[in-house]
Structures are given as structure tokens and as C-alpha cells.
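Sequence order for the protein chains is X and U.
Numbers 37 to 151, taken from my numbering, label the letters of the first sequence in order.
Numbers 38 to 148, taken from my numbering, label the letters of the second sequence in order.
Take a look at the structure set out below.
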Amino acid sequence: GAVVSQHPSWVICKSGTSVKIECRSLDFQATTMFWYRQFPKQSLMLMATSNEGSKATYEQGVEKDKFLINHASLTLSTLTVTSAHPEDSSFYICSARPGGLFEQYFGPGTRLTVT
Amino acid sequence: DAKTTQPPSMDCAEGRAANLPCNHSTISGNEYVYWYRQIHSQGPQYIIHGLKNNETNEMASLIITEDRKSSTLILPHATLRDTAVYYCIVKSNFGNEKLTFGTGTRLTIIP
Numbered sequence: 037g038a039v040v041s042q043h044p045s046w047v048i049c050k051s052g053t054s055v056k057i058e059c060r061s062l063d064f065q066a067t068t069m070f071w072y073r074q075f076p077k078q079s080l081m082l083m084a085t086s087n088e089g090s091k092a093t094y095e096q097g098v099e100k101d102k103f104l105i106n107h108a109s110l111t112l113s114t115l116t117v118t119s120a121h122p123e124d125s126s127f128y129i130c131s132a133r134p135g136g137l138f139e140q141y142f143g144p145g146t147r148l149t150v151t
Numbered sequence: 038d039a040k041t042t043q044p045p046s047m048d049c050a051e052g053r054a055a056n057l058p059c060n061h062s063t064i065s066g067n068e069y070v071y072w073y074r075q076i077h078s079q080g081p082q083y084i085i086h087g088l089k090n091n092e093t094n095e096m097a098s099l100i101i102t103e104d105r106k107s108s109t110l111i112l113p114h115a116t117l118r119d120t121a122v123y124y125c126i127v128k129s130n131f132g133n134e135k136l137t138f139g140t141g142t143r144l145t146i147i148p
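Printed below as a string of C-alpha cells:
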């Protein structure tokens, strides 16, 4: 149980385009989902927290107009990287927390490369 | 969140117990100790968590000192698949407190 999926697992896009990454909780309902970013040889950095049906809360220094997060249902959150640039190339990881529990379950990550 | 201190890297022989230490001297009374690991190019995997008592599950054991200022994660019989970065995180379970990842310990299991 407690499986989180991400799609796509990797994506290459051209500079200036937008990319959408999906995060799904497959066997539980997630009232809260989190988005992290990880650069090579670095730790995970939290980008934003989203609760179903409400606006995401972004961490300091994360541009909310560039990283659009939608948490429209209890099993799906999406992260859209708008007008992507090469410096946005990174490993993006989502996690989901079941309602009433404290553990977070992580997706397998999406590797974004912007050329 | 209270900060944690972990050694940057450790080696362990396959089949032996891997003991990963974590210092969290400023932990407060309502903060739990969580352990996650991240195998290369994958998302983190939850291992175990505890408050003050020792905990054991199918993956590992967690030993927390009586003063709660440090803990040890024990993988009883390490295999090559246990090679990963292990993160010790302390956080409260109130509200929407977030998991904040430090640099972790890179554990390498040696054949």
C-alpha cells in the first residue's frame, strides 16, 4: 500500500516551453501533497505544499508564477514548470500524506532536462 | 525543526549490521525522529520513526537514547540493495509541519 506515482519519469523540453508533471496517490487519498526539487549531489529542497482544493503554499524563493501547482483531487496534484530554462533542469519529486496520518510517501521522481 | 547531524558517509560489509548514528541535541518534546533513505535516482523511502521508545519494523530498528539527543538506525543484515543515502529528520506531527532533508549519510554496502 501507500504507492505514489509520477508521470512522466523523465522529460526533455526546449527552453521557453512549459512542462506538466503529475503526481498520483494510487491506493490512498492524500489531503496534502508536497513538491521537492533535487539538484545533482544535493539534498531534496521543498518547493511547495498543497492541500486539496486550496492554493499551494510556496517556500521562500520559489516563484509561484513559474511553478504552478494544482491539487484538484485527493489523488492528483500537478506541477507545471512554465517558460522552462536550462537552470530548471532538476529531479522533481512529489510526496503525499494520507489524511489523518503523519507519514509521507514519495513518488519515484521526474527528471527534467531543459535544452 | 531541530537540526540533525549525521556522518557524511559510511561503509558496511554485506551481511553485517549497519548502524547509522544521528545527533539531534536540540530536539523538543513533541518532535519525532524519522528516517528515510534514497536510492540513487529514486524518490525517498520511509523507513521508520519514533518518539522516545525503541521501534522495530521489517526494515530496521530505531534506538533512541533516553535523553532523546541522539538515535541510531540499525539495518540488521545489510545487503547491496541497502546502498543509499539515509536521512535522519526530526519533526513535530502537529499541523502541516514539513519534512526538511539535510545532507544525510551515504551508506555503501561492500560485497
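A virtual CB, placed ideally from N, CA and C, is assigned to each residue, including glycine.
- Note on Ala115/U: 16 or more other CB atoms within 10 angstroms of its CB, so buried under the neighbour-count rule.
- Cβ-Cβ distances below 8 Å link Lys100/X to Ala84, Ala92 and Tyr94 in the same chain, with the five nearest sequence neighbours on each side left out; the list follows chain order.
- Taken in chain order, the members of the region 126 to 145 of chain U whose beta-carbon sits within less than 8 Å of a beta-carbon on chain X are Asn130, Asn133, Lys135, Leu136, Thr137, Phe138, Gly139, Thr140 and Gly141.
- Within the DSSP secondary-structure output, Leu110/U pairs in a beta bridge with Leu57/U and Leu99/U.
- Residue contact check for Pro45/U against chain X: no CB pair falls below 9 Å.
- Shown here for Ser107/U: same chain residues with a beta carbon closer than 7 Å to its own, the five before and five after excluded, namely Pro58, Cys59, Asn60 and His61 in chain order.
- Scanning the region 61 to 124 of chain X for uninterrupted beta strand (DSSP E) segments of 3 residues or longer gives 66 to 74, 81 to 87, 103 to 109 and 112 to 117, listed from N- to C-terminal end.
- Ser41/X has its alpha-carbon roughly 13 Å from the corresponding atom of Ala66/X.
- Taking a cut-off of 8 Å for Cβ pairs, the region 126 to 139 of chain X and the region 65 to 81 of chain X touch, as three or more such pairs fall below it.
- For Pro144/X, no beta strand (DSSP E) encloses it, and the DSSP letter there is neither H nor E.
- Look at the region 55 to 95 of chain U and you find these whole runs of beta strand (DSSP E), each 3 residues long or longer: 55 to 60, 68 to 75 and 82 to 87.
- Of the candidates Glu68/U, Ile146/U, Arg118/U and Asp48/U, Glu68/U places its Cα closest to the Cα of Thr41/U.
- In the assembly as shown, Lys50/X is an exposed residue. Its beta-carbon has fewer than 16 other beta-carbons within 10 Å.
- The beta carbons of Ser45/X and Thr146/X sit closer together than 9 Å.
- It is roughly 10 Å from the alpha-carbon of Leu110/U to the alpha-carbon of Glu92/U.
- Beta-bridge pairing by DSSP links Glu58/X to His43/X and Thr114/X.
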